[in-house]
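Here is the structure we will look at.
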Amino acid sequence: MKKALILTIGLIAGAAVQANLKDATKVLTVGNWTVLRELDKMTDKVSCTGIYKQDYGKQLARDGLYITIRGGISSVTLRFDDQPARQLRMPTKMEKDIRAVMLEGEEFAAALASSRLRGQALTLVSGLQEFELDLNGIAEAVASIRSDCPPPAAIASEPAPSVPVVAPAEAPALCSAVLLERMKTAKLSSLQIQKICDNSKP
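Residue numbers (the working numbering): 31 to 232.
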């Protein structure tokens with residue numbers, strides 16, 4: 031599955047891939063991220079992808095952030111928030127093959143905990159390429175992706191959490207939390223509990 035995702039990222043510049051993503055359903059927009067949901071017509075398998083500012087060259091998956099670089103990558107330098115820039119690193123074979131900076135593992139965890147990412151990629155053809163991402167909303171986008179990016183209707187249909195009955199602020203001491211719990215256990219209605227508390231006397 032991971033290899034399939036990486037191959038998709040590698041073909042990101044292709045019109046066919048972009049067309050497929052443009053046909054996907056937008057299920058969430060948070061910060062600078064839009065989460066897209068695709069359903070395989072043959073298997074009904076859900077595929078979720080995050081897009082940064084409608085830029086199909088910057089994609090978010092459940093375990094990684096992928097930034098397309100043109101010209102063949104020879105080195106990568108990353109900086110998170112206002113921390114010192116990290117030491118220059120060599121690209122992995124996969125990064126070279128698909129021409130994209132891949133933030134996975136610890137680098138991806140750092141991105142999820144940051145609000146800003148700056149990077150430089152030295153390329154063989156077009157020299158130094160710089161990129162900067164405002165990471166606002168990335169954690170929420172990844173949470174949606176990891177939950178199979180449910181559409182808004184599915185989220186709205188979930189039952190609302192029950193709200194415990196709380197005694198009014200002016201209720202006397204007899205309507206303590208213990209007494210309220212006993213009345214609820216006895217299956218008294220909220221109206222009955224309110225009436226008892228209002229009429230209680232020390």
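All C-beta atoms in this analysis are idealised placements derived from N, C-alpha and C, irrespective of residue type, glycine included.
Spatial neighbours of residue i in its chain, beta-carbon cut-off 8 Å, leaving aside the 5 residues before and after
i      : result
ARG109 : ALA115, ARG116, LEU147, ARG148, GLY149
Backbone CA spacing between residue i and residue j [nearest angstrom]
i      : j      : result
ALA171 : VAL155 : 33 Å
PRO198 : ALA216 : Because the pLDDT of PRO198 is 40, which lies under 50, any placement of that residue in the model is unreliable, and the number read from its coordinates should be weighed accordingly. One C-alpha to the other measures close to 19 Å.
VAL57  : ASP164 : 20 Å
LEU142 : ALA173 : 10 Å
ARG67  : SER144 : 25 Å
LEU55  : GLU125 : The amino acid occupying residue 55 in the given sequence is Thr; Leu does not appear at that position. Those two C-alpha atoms are separated by around 28 Å.
TRP63  : GLN113 : 23 Å
ASP111 : LEU69  : 35 Å
Host beta strand (DSSP E) of residue i (start-end)
i      : result
LYS126 : That residue, LYS126, is in no beta strand (DSSP E); its alpha helix (DSSP H) goes 123 to 128.
CYS78  : 76 to 82
LYS56  : 55 to 60
Residues bridged to residue i [DSSP beta-bridge criterion]
i      : result
MET132 : TYR96
ASP85  : TYR82
Cβ-based neighbour list, residue i, same chain, cut-off 7 Å, excluding 5 preceding and 5 following
i      : result
GLY94  : MET132, LEU133, GLU134, PHE138
MET120 : SER105
Sequence-distant residues of its chain with Cβ nearer than 6 Å to residue i (five each side left out)
i      : result
GLU160 : GLN150
ARG176 : ARG92
GLU162 : ARG148
SER77  : GLU68
TYR24  : Nothing can be reported for residue 24: it is not among the residues displayed for the chain, which extend from 31 to 232.
Residue range of the alpha helix (DSSP H) that includes residue i
i      : result
VAL172 : 168 to 176
Top-ranked residue by Cα proximity to residue i, from the options
i      : options                       : result
GLY101 : LEU118, THR79, ASP127, ARG92  : ASP127
SER61  : CYS179, ASN166, PRO180, VAL76 : Note that residue 61 is Gly in the sequence shown, not Ser. Comparing Cα-Cα distances from GLY61 to each of CYS179, ASN166, PRO180, VAL76, the minimum goes to ASN166.
ASP74  : GLU162, ASP178, THR59         : ASP178
LYS71  : ASP53, TYR82, ILE81           : ASP53
Any non-hydrogen atom of the ligand HEM closer than 7 Å to residue i Cβ
i     : result
LEU95 : Questions concerning the ligand HEM fall outside what the structure shown contains, since it holds no ligand whatsoever.
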